[in-house]
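Engineer: Residue numbering for the sequence shown follows the numbering used here, beginning at 4 and increasing consecutively.
One structure is given below, represented as structure tokens, and several questions about it will come after.
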Amino acid sequence: MIVKSPHVARNGYLEVMHLDGRPGWVDQRVLVPWVNDNAPGVRCVPAMMSNGRLGFDYIRPPR
């Protein structure tokens, strides 16, 4: 699921987008930021895949 940045929070819930494109709300207490333990500086960002579906791209920091 994709969380907006900056976050949109209402009554303890964050606005999200599911991978099928549907909007929704999730309890903010159950979400944690994505971290790659093998490459902690890598960022995960939403991307439109070649098949037209939502997916993710991984951005590495400059060396």
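Backbone N, C-alpha and C fix where the C-beta goes; we use that ideal spot for every residue, glycine too.
For A50, which beta-bridge partners are listed by DSSP?
Structural biologist: Residue pairing by DSSP puts A50 in a beta bridge opposite G58.
Engineer: Would you tell me roughly how many angstroms separate the C-alpha atoms of Q31 and M4, rounded to the nearest one?
Structural biologist: Distance from the CA of Q31 to the CA of M4, rounded to the nearest whole angstrom, comes to 13 angstroms.
Engineer: Would you mind sorting L17 into buried or exposed? The rule is 16 or more other CB atoms within 10 Å of its CB.
Structural biologist: buried
Engineer: Please state if the CB of L57 and the CB of C34 are separated by a distance shorter than 7 angstroms.
Structural biologist: Just to set this straight, residue 34 is Leu in the shown sequence, not Cys. Result no, Cβ atoms of L34 and L57 do not sit closer than 7 angstroms.
Engineer: Spatial neighbours of N39 within its chain, please: CB distance less than 7 angstroms, with the 5 preceding and 5 following residues excluded, ordered by chain position.
Structural biologist: Closer than 7 angstroms at Cβ, skipping near neighbours: V45.
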